[in-house]
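Here the structure is laid out as structure tokens; the discussion comes afterwards.
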Amino acid sequence: MRTSFYASQSLYSEPGPYRDTLMRGGAEPRQVARWIGSFMQHPRGAETAERGFTPEQAADLELRSVAEILSVAVARALPDGDGAQPKVGGVCRDFAILAAGLFRARGTPARLRAGFADYIVPGHWEDHWLCEWHDGGRWRRFDVEFTAIRGVAFDTLDVPRDRFITAGEAWFRIRRAPDSAARFGVSGLDLRGAWFVAGSLMRDMAALRKLELKPWDYWGLSQDLSRDSAAWPPHAETTLDELASRLGDADVAGEDEPESIRDWPLPREVVGFPHGAPMAVVLRHA
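Residues 1 to 286, numbered by UniProt numbering, are exactly what the sequence shown covers, in order.
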């Protein structure tokens, strides 16, 4: 099982000067999730329904790195328990990268996975990100956000493989049953369909190579796909089939970057939609 590659920090999981703050999250996964939940708030979560989501928190959604997120949390004294300040606004990806950064800081292999969960909105496969961590024997899928709020009945420290499926698994499901594509996406924003799954497929590829993007980042082929898959260019589905197949092979033994997807191009710039309107973002690179 590949582990070493994922035990080191990425450019976005690196805590930088906030390493000591990050280490306050502890070592036990449930403790890690609760610590992250103490200063992070999802814009569509139960806490937002109760307290609201401020413009300041909406601006936080543009934060990409662990260091950036922790810098805001520290500036608001949130790790010290200051309840007077708004929590840092973030989505499931941000909860997950904080956990991955902490695992990696302790030498534990960890990585993000982009996919879909069936336990958020009944009857829908909702866009979702988890942190996978390696316990020495196997990869466990850790739902950081839902562990923090204790929002589901099953063990969120080891999410069942039939309750969260990766983007590659989702892609092949909708290829077998095209009518099911409308059940995949962000239901509350009416973002759904094969084009959305295709974007998640590319984001999961990037995450497995330790380029942890945002859930609304698009580039290359994913940027050009219309909501009507019948209007896609002829090569699109073939290319995405190949990527999904390669992602299915990404857990083979090895010490380095996943061989099956190593030659797939990574973006230097993406178009993001943190607030609905397109925004060009130049990414960090070593």
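A virtual CB, placed ideally from N, CA and C, is assigned to each residue, including glycine.
Collapsed DSSP secondary structure at D217 in the structure displayed:
In the sequence shown, counting from the first residue as 1, residue 217 sits at position 217. Residue state, collapsed to three classes: strand.
Where does T166 fall in DSSP's three states?
The residue you call residue 166 lines up with position 166 of the sequence shown. Of the three classes helix, strand and coil, the one that applies to T166 here is strand, per DSSP.
Three-way DSSP call (helix, strand, coil) for A250 in this model
Here residue 250 refers to the residue found at position 250 when the sequence shown is read from its first residue. Residue state, collapsed to three classes: coil.
Start and end residues, beta strand (DSSP E) containing residue 292:
No statement about residue 292 is possible, as the shown extent of the chain runs from 1 to 286 and does not include it.
Please identify the residue among K214, E212 and A236 whose C-alpha is closest to the C-alpha of G220.
Residue mapping note: residue 220 aligns to position 220 of the sequence shown, counting from 1. Nearest of K214, E212 and A236 to G220, Cα basis: A236.
What residues in its chain sit with their C-beta under 8 Å from that of R268, if we drop five residues either side in the sequence?
As a position in the sequence shown, residue 268 is number 268, starting the count at 1. Same-chain partners within the cutoff: V282, L283 and H285.
Pull up the DSSP beta-bridge partners for H128, would you.
Indexing the sequence shown from 1 puts residue 128 at position 128. According to DSSP, which records beta bridges pairwise, H128 is partnered with G115.
DSSP state of A110 mapped onto helix, strand, coil
Translated into the one-based positions of the sequence shown, residue 110 becomes position 110. A110: strand per DSSP, three-state reduction.
Within the continuous alpha helix (DSSP H) that includes R44, where are the two ends?
Within the sequence shown, the letter at position 44 stands for residue 44. From DSSP, R44 is part of no alpha helix (DSSP H); its letter is neither H nor E.
Assess, as a yes-or-no matter, whether the stretch 116-131 is touched by the stretch 181-192 under the definition of 3 or more beta carbon pairs within less than 8 Å.
yes
Sort out for me which residues DSSP pairs G83 with in a bridge.
Residue mapping note: residue 83 aligns to position 83 of the sequence shown, counting from 1. G83 pairs with nothing; no bridge assigned.
Segment limits, beta strand (DSSP E) that includes R141
Numbered from its first residue, the sequence shown carries residue 141 at position 141. It spans W139 to F142 - the beta strand (DSSP E) in which R141 sits, taken as one unbroken run.
Return the bridge partner residues of H134 from the DSSP annotation.
In the sequence shown, counting from the first residue as 1, residue 134 sits at position 134. Looking at the DSSP assignment, H134 forms a beta bridge with W139.
Short check: CB of S8 to CB of R104, under 8 Å?
Against the sequence shown, residue 8 aligns to sequence position 8. Against the sequence shown, residue 104 aligns to sequence position 104. Yes, these two residues count as a Cβ contact at 8 Å.
Per the DSSP calculation, F184 is bridged to which residue(s)?
Start at 1 with the first residue of the sequence shown, and residue 184 comes out as number 184. Answer is W125.
Whole angstroms are fine: how far does the CA of G45 sit from the CA of A277?
On the sequence shown, residue 277 is found 277 positions in, with the first residue counted as 1. On the sequence shown, residue 45 is found 45 positions in, with the first residue counted as 1. For A277 and G45, the distance between alpha carbons rounds to 22 Å.
Compute the beta-carbon to beta-carbon distance between L130 and F142, rounded to the nearest angstrom, for a pair I have assumed lies under 8 Å.
In the sequence shown, residue 130 corresponds to position 130, counting from 1. In the sequence shown, residue 142 corresponds to position 142, counting from 1. Contact flag correct, Cβ pair sits at about 6 Å.
Beta-carbon proximity of P109 to H134, cut-off 8 Å:
Position 109 of the sequence shown, counting from 1, holds the residue named residue 109. Position 134 of the sequence shown, counting from 1, holds the residue named residue 134. Yes.
Within 10 angstroms of its Cβ, does S245 collect 16 or more other Cβ (buried), or is it exposed?
By 1-based counting over the sequence shown, the position of residue 245 is 245. S245 is exposed by the Cβ-count criterion.
A280 - partner residues in DSSP beta bridges
Against the sequence shown, residue 280 aligns to sequence position 280. V271, per the DSSP bridge assignment.
Are the beta-carbon atoms of A207 and A99 separated by less than 8 Å?
Position 207 of the sequence shown, counted from the first residue, corresponds to residue 207. Position 99 of the sequence shown, counted from the first residue, corresponds to residue 99. No; because the gap between Cβ atoms is not below 8 Å, this pair is not in contact.
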